[in-house]
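Just so you know, we're using our numbering here: the sequence shown kicks off at 208 and counts up by one. Note that beta-carbon positions come from the ideal geometry of N, C-alpha and C, so glycine has one too.
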Amino acid sequence: MTRRRPAGTIVEVSAPGEYEYAPLRIPAGISRSAAAQLMSMQSDTGGWELARLQLHADGTRKVIMRRRMRLSYLPRPMV
């Protein structure tokens with residue numbers, strides 16, 4: 208029998224060709240359009256894509272960005 212991981216668990220990856228993840232937290236005072244623009248800039252400059260977005264009751268957003276692991280250096284997301 209195989210062990211199942213809880214839903215929503217992110218496992219660290221180490222093999223090339225897999226994804227690396229970067230969690231971000233966007234404060235409640237940031238508008239939806241400004242948050243979208245921030246994530247768009249991250250995807251344009253660092254090769255990141257949106258993996259998951261959670262909107263919390265207090266208005267904060269928990270964002271998980273992902274990109275394929277590469278041998279070349281690309282910057283991490285800035286917030």
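Membership of Met272 in any alpha helix (DSSP H) is not indicated; the residue belongs instead to the beta strand (DSSP E) covering Arg268 to Arg275. Counting along the chain, Ala243 sits inside the alpha helix (DSSP H) bounded by residues Arg239 to Gly253.
Beyond the five residues adjoining it in sequence on each side, Pro234 comes within less than 7 Å, by CB distance, of Thr267 in the same chain, given in chain order. Here Ala241 is not near Met272, since their CB atoms are 8 Å or more apart. When C-alpha distances from Asp265 are compared across Gly236, Glu225 and Ser247, the shortest belongs to Gly236.
Nearest Cα to Leu262 within the set Leu245, Glu227, Arg239 and Asp251: Arg239.
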